[in-house]
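Below is one structure, written out as structure tokens, with a few remarks after it.
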Amino acid sequence: MRTSIALALVAIAMVALIPAVAQSQNMMSGAAGGGGGMGMEGRTQGMGDPQAPSSMSEGEVRKIDPTVGKLTLRHGQLRNLDMPGMTMVFRVKDPAWFGQMKVGDKVRFVAERVNGNLTVTELQVVHP
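Going by my numbering, the final residue of the sequence shown carries number 212, and the count climbs one at a time with no gaps.
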């Protein structure tokens, strides 16, 4: 009986750790890519590999609030955070990005939990 309980607890712990392990792998692969901030010609802003767009999510700018450092995006699935598509507010890693976008712009981005806050850590404005 004790063995069964111990195995069940180990299984529960492993299932609980899967999202954390997946997120850490995403963060490590992004950090290894290099590629600093580039111009706005459809290139990635921030850390990460501009040749790896599959790690980025797509969204549309709904509201910009630079005074509080927040950006509202309507977005598709955020795979690295295991979130479905919705409209939500994010903090922004680089306040300079506020001047490079406007409401209605289509964007590709990476959001991560930074100090407990959902934060856009990479951003690319998609030009038609």
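Don't be surprised by glycine CBs; every beta carbon is placed ideally from N, CA and C.
Computed from a predicted structure; not experimentally measured.
- In this structure residue 187 does not touch residue 152 by the C-beta definition: roughly 16 Å separates them, more than the 8 Å allowed.
- Here residue 208 is buried: its Cβ has 16 or more other Cβ atoms, across all protein chains shown, within 10 Å.
- It is roughly 15 Å from the alpha-carbon of residue 163 to the alpha-carbon of residue 171.
- Closest in C-alpha terms to residue 165, from the list 141, 191 and 179, comes 141.
- Residue environment: residue 143 is assigned as buried (16 or more neighbouring CB atoms within 10 Å of its CB, all protein chains considered).
- Per DSSP, residue 165 lies in no beta strand (DSSP E) segment and is marked neither H nor E.
- Per the C-alpha coordinates, the member of 182, 190, 139 and 200 positioned closest to residue 158 is 190.
- In this structure, residue 176 and residue 156 do not form a Cβ contact; the two beta carbons are roughly 11 Å apart against a cut-off of 8 Å.
- Secondary structure note for residue 201: its beta strand (DSSP E) is the uninterrupted segment 201-210.
- Taking the CA atoms as reference points, residue 192 sits about 10 Å from residue 160.
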